[in-house]
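Visitor: Taken in sequence, the protein lines are chains V and R.
Going by our numbering, the first residue of the first sequence is number 43, and it counts up by one from there.
Going by our numbering, the first residue of the second sequence is number -9, and it counts up by one from there.
Take this structure first; my questions come after.
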Amino acid sequence: MRQQNKTKDFILKNIIYIAFVIMLIGLSVFAKAFLTTNNLINVLRQATVVGVLSMGMTYVIISGGIDLSVGSTMALASCIAAAYATTSTAIPLPAALALGCLAGILVGLINGIVVSYLGVVPFIATLGMQYAVRGVALVYTSGRPINALTTAYTNIGKAYVGFVPVPVILFIIIALIAWFFLAKTQFGRYIYAIGGNEQAALVSGLRVKRIKCAAYVINGLTAALAGIILSARVAVGSPTAGETYDLLAITAVVVGGTSNEGGTGGILPSIIGVFIVTVLNNGMDLLGVSGYYQKIVTGVVVLLAVIIDRNNVNRNH
Amino acid sequence: MGKQYLFEMRGVTKVFPGVKALDDVTFCVAPGSVHALCGENGAGKSTLMKVLAGIYKPEAGDILIGGEKVTIINTRDAMEKGIAMIHQELNYYPDMTVEANLFIGRETTYFGGIVNRQENLRQVREVMEAYGIDINPNARMKELTIAKQQMVEIIRAIAFNANIIIMDEPTSSLTDHEIEILFKIIRKLAAEGRAIIYISHKMDEILQIADTVTVIRDGKTIGTAPIGELTKLDIIRMMVGRELEDIYDKREIPVGEVKLKVEHLGSGRALEDISFEVRAGEIFGFLGLVGAGRSETAETVFGLRKKDAGTVSLDGRELKIRHPADAIKAGMAFITEDRRQYGLSLIHSVRQNCVISSMSHYTSTPLAVVSGKKEQEATASMIQALGIKTPGQETKVMNLSGGNQQKIVVGKWLLNKPEVLIMDEPTRGIDVGAKSEIYSIMSDIAAEGKAIIMISSEMPELLGMCDRILVMCEGKSMGIFEKGEYDQVRLMAAATGTKKEEIQV
């Protein structure tokens, strides 16, 4: 009896991973093109942009917040970086990248200040920033995409080291750093504590406002990096880029099992969430499922993930 | 029996898990009477009134209205039977108008759906005119003063023909002038033959407005008497006088130098000119009734509440505290009253909760990398030292008992090696066994030469554990009592608003 309960517990707690494995096996059997090197590398590359984006998002969601402005931040940061990386305007590449990242950090800082120091609900604060930052990107570029980027810049998205695409390597590095700070440092512990009970964290002497603010800054930075990778891959800095990416990143994080109420989750779950969402879409492409149906399936998966999370929380009470 | 009372509660018993909140209580109120209900914190006043108002169902006992036995199913049923309760904390819809608030759920309507505002307004105006109340029925609730919001509740009671009106601490946030107006209305209501049940801690008000007093203590009726037969001290004597059990592990600890010194502390309307000092090895108590400002004093000292006046010094050094982090750095710890809200993260593990306020002890620079091993050692040391019963360090604290949760909060702070511990209601909601363990832990801490501030609503535990007790009332200090001066009647007299020097027993 007890053994049975344990098995049931295990299945319920890991249902998302179990579903992922079943999905992988199913696709390998039914979609011949799935298990080919080309396709797998394609999946990896597709996963990188949302992957990088979801790293910062994981920090924000664990701290009990949400950020809807990352898609706009991607566009602004990539346009700024791209503007200094066209064949006619190029400055040293690191400087151009630094400017793009700085823009992302600045957006994150504003989000953080509005949320933690001015006390605006994160959903509304970052929704406002979604519009405002998109507007800044459009004004900055006069609404025109930035073309003729230097090879050095586009290599960030297109080049390979051996058979591994550069963006994949970047994703691995960023993920390792994100994992290290969240799982291994005092700062990471504080992010979890604030998401678990903000008032108790304050009484325990945590500089709650500062730490929450830092989570948004990190998210701004990873959004900028994701934007730069995307613009390098498509070789254009577009002010309209990344329009659905905020929701994709949130989807990946939540599907991975990070509770949308804060306090639990982690980098590895988010990475798995990214792959679930990416493989799901890739698999449906291979099976010839129309884009319309793909949206329905993605929606159902998100809802299932949240319902499972709620159930786990309720069962623990 | 029967006709002489408007309502009777006879032999009412109410049991909560682990506590008998009401034990065979009898409470009878005559029509036209302003009947005061007195008792210490937790004596059972609110529970009794909630039974009457249909919020709780009693396990035993009868309620009679006009001599007839009735069963009160729920709050709506209570209202229909003429019982209205005006809560200490008012419930209302702040953005809706006074009129809408008054009639919510009982609107006069056309065709059973469209609100007849004119008729509603007419009824409101009628009541206000009759009682000399002046409130704009079209104003939004949130725009009114607390006194006027309370009046709205009273208007509601009258408009729905309530005969039995319960007022729970109605004057706690009113000015003297507003109290006068309230008393005028209460007298008029009583003159009409309604019964007013007046719950208050303020003895002077009770003597002024009530004609009869019932005192309950520990869920039992101690007595009912006409106000003329009692003095203030008589009532207090009936309220206190609980037996002191010996579950307190109070030890003789030599008292050392002054550790914490607080002078002329003030914070908004909550605190005024609070001064005290706590010495090494001493347990210093704070006594007061709910809302007296004890927790607020602790919050202000600890940097959770803005300090408007006064100084806080530790070991003779004045502290600048703007954030709890400053207080912790200076060597303070604050075991808060509500551990679920302010003490613990319930979804996290024993380990995560234990180490959170002393994290810098387990990290190495430059990136503040945490050593999991050091965290585990620290947690293990507290599980052992405090006897925390848990399946393991990774068990979520939501799965532990209240006593064990409380020990985790204590452990979290001890890991910081504080010099001054503030403990706000350290034994609330935990069983007797766990209580006595907490008392032992407190004595252990004091024996190490630390200073402890203990805030409690339970007088026996303060008498049992504390070397000195400061009594507060309405944000002010009523005086500090030394161990030799402990006397429940004198302490309660101070808690109900008499300065220590003025108490004559």
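From the three backbone atoms N, C-alpha and C, an ideal C-beta is built for every residue, glycine too.
1. Which residue marks the beginning of the alpha helix (DSSP H) containing V:M97, and which one marks its end?
2. Kindly give me the distance between the Cβ atoms of R:L411 and R:I325, rounded to whole angstroms, as I take these residues to be in contact under 8 Å.
3. Hey, would you say R:I442 sits closer than 8 Å to R:I273, going by beta carbons?
4. Identify the contact partners of R:F324 in chain B, using a Cβ-Cβ distance below 7 Å as the criterion.
5. Buried or exposed: which applies to V:A220, given that a residue is buried once 16 or more other Cβ atoms fall within 10 Å of its Cβ?
6. Going by Cα to Cα distance, which pick from R:A20, R:F471, R:P7 is closest to R:A215?
7. Decide if V:V71 is buried, meaning its Cβ has at least 16 other Cβ atoms within 10 Å, or exposed.
8. Which of the residues in the region 210 to 233 of chain V, read from start to end, lie with their CB under 7 Å from any CB of chain R?
9. Does chain V have any CB closer than 8 Å to the CB of R:G(-8)?
10. Pairing CB atoms from the region 397 to 414 of chain R with CB atoms from the region 361 to 377 of chain R, are three or more of them under 8 Å?
11. Taking the alpha-carbon positions, what's the R:A484 to R:D224 distance?
12. So the beta strand (DSSP E) R:L304 belongs to, where does it begin and stop?
13. If you follow the beta strand (DSSP E) that R:L54 is part of, which residue opens it and which one closes it?
14. Drop a sphere of 10 angstroms on the beta-carbon of R:R96, count the other beta-carbons inside from all chains shown, and report buried for 16 or more, exposed for fewer.
15. Quick one: what's got a C-beta closer than 6 Å to R:A317's C-beta in the same chain, skipping five residues either side?
16. Alpha carbon to alpha carbon, how far is V:V14 from V:A268?
17. Look at the alpha carbon of R:G333 and the alpha carbon of R:A152, and state the distance between them as a whole number of angstroms.
18. Does any residue of chain V bring its CB to less than 8 Å from the CB of R:A315?
19. Excluding five sequence neighbours on each side, which residues of the same chain lie with their C-beta closer than 6 Å to the C-beta of R:P84?
20. Measuring alpha carbon to alpha carbon, tell me which of R:I226, R:R341, R:T204, R:C456 ends up nearest R:L277.
21. When you compare only the Cα positions, how much space is there between R:E195 and R:G393?
22. Find out if the Cβ-Cβ distance for the pair V:I292, V:A257 is shorter than 8 Å.
23. Who are the neighbours of R:H338 on chain V, taking C-beta pairs under 9 Å?
24. What did DSSP end up calling R:A441 once you bin it into helix, strand or coil?
25. Just the Cα atoms here: how many angstroms apart are R:G57 and R:Q(-6)?
26. Could you pull out every residue in the same chain whose Cβ sits closer than 6 Å to the Cβ of R:I62, ignoring the five residues on either side in sequence?
27. If you compare alpha carbons, which of V:F317, V:A277, V:Y195, V:S105 is closest to V:L224?
28. Determine whether the beta carbon atoms of V:T115 and V:V175 lie at a separation below 8 Å.
29. Distance cutoff 8 Å, beta carbons only. Does V:A242 sit that close to anything in chain R?
30. At 9 Å on the CB atoms, spell out the chain V contacts of R:Q331, in chain order.
31. Can you tell me whether V:D365 is buried or exposed? The criterion is at least 16 other CB atoms within 10 Å of its CB, across all chains shown.
32. Between the Cα of R:L12 and the Cα atoms of R:C18, R:S36, R:A315, R:E(-2), which residue gives the shortest distance?
33. Would R:M482 count as contacting chain V if we go by Cβ distances under 8 Å?
34. Would you list, in chain order, the members of the region 248 to 262 of chain V that have their beta-carbon closer than 9 Å to a beta-carbon of chain R?
35. What residues are listed by DSSP as bridge partners for R:R307?
36. Going straight from the alpha carbon of V:V162 to that of V:I253, what length do you get?
Guide: To lay it out plainly:
1. Under the DSSP assignment, V:M97 falls in the alpha helix (DSSP H) whose first and last residues are 79 to 104.
2. Yes, they are in contact, since the Cβ atoms of R:L411 and R:I325 sit about 7 Å apart, within 8 Å.
3. Taking a C-beta distance under 8 Å as the contact criterion, R:I442 and R:I273 qualify as a contact pair.
4. The question asks about chain B, but that chain is absent: this structure's protein chains are V and R.
5. Buried is the call here.
6. Answer by Cα proximity: R:A20.
7. By the neighbour-count criterion, in which a residue is buried when 16 or more other Cβ atoms sit within 10 angstroms of its Cβ, V:V71 is exposed.
8. Of all residues in the region 210 to 233 of chain V, K226, T227, Q228, F229, R231 have a Cβ within less than 7 Å of some Cβ in chain R.
9. Bear in mind that a pLDDT of 43 at R:G(-8), under 50, signals an unreliable position, so the number given afterwards is only what the model happens to contain. No, no contact with chain V.
10. Yes, since at least three Cβ pairs between the region 397 to 414 of chain R and the region 361 to 377 of chain R fall closer than 8 Å, the two stretches touch.
11. A direct Cα-Cα distance of roughly 14 Å separates R:A484 from R:D224.
12. Boundaries of the beta strand (DSSP E) harbouring R:L304: 299 to 304, taken from the DSSP string.
13. Where R:L54 is concerned, the enclosing beta strand (DSSP E) stretches over 50 to 55.
14. The residue in question, R:R96, is exposed, as its Cβ has fewer than 16 Cβ neighbours within 10 Å.
15. Closer than 6 Å at the Cβ level, and outside the excluded window around R:A317, lie F292, G293, I311.
16. Outside the displayed range of chain V (43 to 359) lies residue 14 of chain V, so it cannot be described from this structure.
17. Each residue's Cα considered, the two are about 42 Å apart.
18. Interface residue, yes.
19. Correct list, in chain order: M131, K132.
20. Closest option to R:L277, judged by alpha-carbon separation, among R:I226, R:R341, R:T204, R:C456: R:C456.
21. Each residue's CA atom was taken as its position, placing R:E195 and R:G393 some 38 Å apart.
22. The answer is no: Cβ separation not under 8 Å.
23. The contacting residues are Y234, A235, G238, N239, G305, T306.
24. Looking at R:A441 - three-state DSSP - the assignment turns out to be strand.
25. Distance from the CA of R:G57 to the CA of R:Q(-6), rounded to the nearest whole angstrom, comes to 8 Å.
26. Answer for R:I62: G44, A68, listed in chain order.
27. Ranking the options by Cα distance to V:L224, first place goes to V:S105.
28. Yes.
29. Output row for V:A242: interface = yes.
30. Simply N239, Q241, A242.
31. There is no way to answer for residue 365 of chain V, as the model of chain V reaches only from 43 to 359.
32. With distances taken between CA atoms, R:L12 lies nearest to R:S36 out of R:C18, R:S36, R:A315, R:E(-2).
33. With 8 Å as the cut-off, R:M482 does not count as an interface residue toward chain V.
34. Flagged, chain order: L248, R249.
35. DSSP lists R:L304 as partners of R:R307.
36. Distance from the CA of V:V162 to the CA of V:I253, rounded to the nearest whole angstrom, comes to 16 Å.
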